[in-house]
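Structure, as structure tokens:
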Amino acid sequence: MLTHYVLGINMMCLLHTLIRTVLAFYYIRDTVEADAAAGVSATILPVMITLETMVIQAYFLFRCWNILDKRKWATAPLVVLWILSGIAGICFVGVSSSRPRMVMGALAAWIALSLLLDITMTIITILYLIRQQREYNAYTPVLVTIWNMLWLAAIPPMIAMITLMFAVYVFNSGSWGTFIYDISSKLFVLSLLVALAGRERAANKLKRATQMELGSVSKDSFGRLSD
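Take the sequence shown: its letter number 46 is residue 289 in my numbering, and every next letter is one higher.
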């Protein structure tokens with residue numbers, strides 16, 4: 244299941260890259276095609292960025308659902324934030340062409356909701372790791388690995404959202420805002436890949452730690468039998 248999920252994410256990113264490459268060639272040809280490419284870019288790319296972000300956040304949402312022991316009432320606020328951020332992202336696409344005055348508001352809503360969702364899911368994971376570290380001191384190296392990979396996975400999208408907010412609403416830089424917005428979905432993909440790599444690394448460490456613990460228990464048991 245996870246393999247198909249990652250494959251789907253990579254296919255979406257590949258399609259995103261291909262569309263952007265084709266549009267770039269249209270931009271450098273002539274004025275008419277450049278205008279048409281700009282219209283397509285303003286419609287398709289924000290939709291793809293929103294969908295990629297939502298699909299990737301779904302993985303971390305599922306992780307929080309497991310952390311919260313699959314309690315629906317505890318996970319419901321996260322799902323609501325996730326849905327609202329997707330709606331805000333789609334609304335941003337809709338108002339870009341029809342209602343330019345609402346563009347800044349729709350973008351602000353998407354940034355705020357996505358950032359709030361990421362921060363909330365990160366806090367839930369941190370609290371869970373702290374509790375696990377207190378209960379399972381023997382597996383501290385494994386938990387430290389998970390802790391480090393958590394920060395490496397959480398930082399890129401958060402920095403992207405915060406930087407986008409400052410670029411657009413504080414420094415009023417449209418060019419930087421566009422650049423950061425365009426690469427935001429790539430940073431979410433990077434976050435997912437780091438999280439998956441960390442999961443695999445932690446699983447290997449846990450396996451080694453369990454084998455060492457079982458080995459020491461077996462030696463102690465054999466020693467008692469010998470005595």
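Just so it is clear, CB atoms sit at the ideal spot from N, CA and C, and this is done for glycine as well.
Remember, it's a predicted structure, so these values are computed and weren't measured experimentally.
Check	Outcome
Chain C contact for A403 (CB, 7 Å cutoff)	Looking for chain C here will not work: only one protein chain is present.
Supposed contact pair I398 and L358 - C-beta distance, whole angstroms, cut 8 Å	Contact flag wrong, Cβ pair sits at about 13 Å.
Unbroken stretches of the alpha helix (DSSP H), 4 residues or longer, contained in the stretch 295 to 340	none
Whether C307 touches M364 by CB criterion (7 Å)	yes
Counted within 10 angstroms of its Cβ, other Cβ atoms place T318 as buried (16 or more) or exposed	buried
Neighbourhood of L433 by C-beta distance below 6 Å, restricted to the same chain and skipping five residues each side	P399
Inter-residue spacing [alpha-carbon to alpha-carbon] between G420 and I402	13 Å
L407 and Y424 closer than 7 Å at C-beta	yes
Own chain residues within Cβ distance below 8 Å of M291, not counting five before or after	M255, L258, H259, I262, S428
Reduced DSSP category for N415 - H, G, I as helix; E, B as strand; rest coil	coil
Minimum C-alpha distance to V411 - residue among I252, N253, V346	V346
Assigned exposure category for V265 - 16 Cβ within 10 Å defines buried	exposed
Cβ pair W353, F335 closer than 7 Å	yes
Same chain only: Cβ atoms within 8 Å of I330, ignoring 5 sequence neighbours per side	none
Contacting residues, own chain, Cβ-Cβ under 8 Å from Y302 (five flanking each side not counted)	Y248, L435, A438
Contacts around I426, its chain only, beta-carbon distance under 8 Å, and the 5 residues preceding and following it disregarded	A403
Cβ neighbour criterion (16 or more within 10 Å) applied to W201	Coverage of the chain is limited to positions 244 through 470, which leaves residue 201 absent and any answer about it impossible.
A349, enclosing alpha helix (DSSP H) - first and last residue	346 to 378
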